[in-house]
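Data first, discussion second: the structure below is written as structure tokens.
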Amino acid sequence: MTNFRMLPQDWLRYYQELVRTWSRGSGSRHDAEDATHDVLTLALEGKMNQALTYPRGFLHRCVRNRLTDMHRRTQILDTVPLHDLHEREMPVADNPDTYMYNTQLADSLTAALAELPLKCRQVFVWQKIEGYSQEEIAQRLDISVNMVQKYMIRALRHLRERLKHFSPH
Numbered sequence: 001m002t003n004f005r006m007l008p009q010d011w012l013r014y015y016q017e018l019v020r021t022w023s024r025g026s027g028s029r030h031d032a033e034d035a036t037h038d039v040l041t042l043a044l045e046g047k048m049n050q051a052l053t054y055p056r057g058f059l060h061r062c063v064r065n066r067l068t069d070m071h072r073r074t075q076i077l078d079t080v081p082l083h084d085l086h087e088r089e090m091p092v093a094d095n096p097d098t099y100m101y102n103t104q105l106a107d108s109l110t111a112a113l114a115e116l117p118l119k120c121r122q123v124f125v126w127q128k129i130e131g132y133s134q135e136e137i138a139q140r141l142d143i144s145v146n147m148v149q150k151y152m153i154r155a156l157r158h159l160r161e162r163l164k165h166f167s168p169h
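This is the structure:
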């Protein structure tokens with residue numbers, strides 16, 4: 001069997017297939033996109049640079065494992081989306097440390113987003129905050145879906161680096 005070394009553009013070639021397959025498999029396109037982004041970000045950062053006999057199968061397994069981890073985490077943590085809460089149920093920062101932490105995180109996020117190029121920032125905001133699909137964003141910006149994916153990966157990598165000191169891990 002032949003082993004292949006993957007280049008960055010080779011990893012991205014599987015993006016749509018992974019999202020489509022695991023959207024059906026998980027029942028959530030959003031979760032499938034998140035898991036695929038996480039896996040491809042690791043691949044593009046060079047953390048998956050081993051020679052592979054079946055790169056496609058490897059990526060599918062990685063995304064499936066990431067979705068399983070995400071599912072386990074939601075089973076452990078009792079979560080409710082903020083938009084499902086009534087105003088009186090909204091979390092408040094009674095503790096000054098929590099308020100300070102949230103303020104610093106919001107300021108750091110704003111600053112990190114401001115460091116991104118305009119189109120990269122628009123792709124992130126439109127997809128992650130406004131909920132637009134990659135196809136809709138591509139049409140709005142008059143760019144290819146592939147370019148939207150590259151902008152998103154760049155934004156996520158940048159935010160992960162800039163906000164890593166806020167992560168508990």
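Residue numbering for the sequence shown follows full-length UniProt numbering, starting at 1 and increasing by one per position.
The beta-carbon is built from N, C-alpha and C at its ideal position, and this holds for glycine as well.
Just so we're clear, the structure is a prediction, and the values are computed from it rather than from any experiment.
**OP:** Would you mind stating whether L12 and L40 have Cβ atoms separated by less than 8 Å?
**Re:** yes
**OP:** Answer yes or no: do residue 171 and R162 have a C-beta to C-beta separation smaller than 8 Å?
**Re:** Residue 171 is absent from the model: the chain starts at 1 and stops at 169.
Original post:
Which residue spans inside the region 113-154 form an unbroken alpha helix (DSSP H) run of at least 4?
Top reply: 118-124, 134-141
**OP:** Return the first residue and the last residue of the alpha helix (DSSP H) that E17 is part of.
**Re:** 15-26
Original post:
How big is the Cα-Cα spacing for R24 and N95?
Top reply: 42 Å
Subject >> Sequence-distant residues of the same chain with beta carbon closer than 7 Å to residue 191, five excluded per side >> reply: Here the chain comprises residues numbered 1 to 169, so residue 191 is not present and cannot be evaluated.
**OP:** Pull up the distance between the alpha-carbon of A106 and that of S144, whole angstroms please.
**Re:** 31 Å
Subject >> Where E45 falls: helix, strand or coil (DSSP) >> reply: coil
**OP:** Look at V125 and Q134 and say whether their C-beta atoms are less than 8 Å apart.
**Re:** no
Original post:
Looking at the structure shown, is P81 part of a helix, part of a strand, or coil, going by DSSP?
Top reply: coil
Subject >> Cβ shell of R121 (< 8 Å), same chain only, five flanking positions each side left out >> reply: L113, A114, A155
Subject >> Same chain, Cβ closer than 7 Å to L109, neighbours up to 5 away in sequence not counted >> reply: L163
Original post:
Cα-Cα, which of R160, S26, G46, E130 is closest to L116?
Top reply: R160
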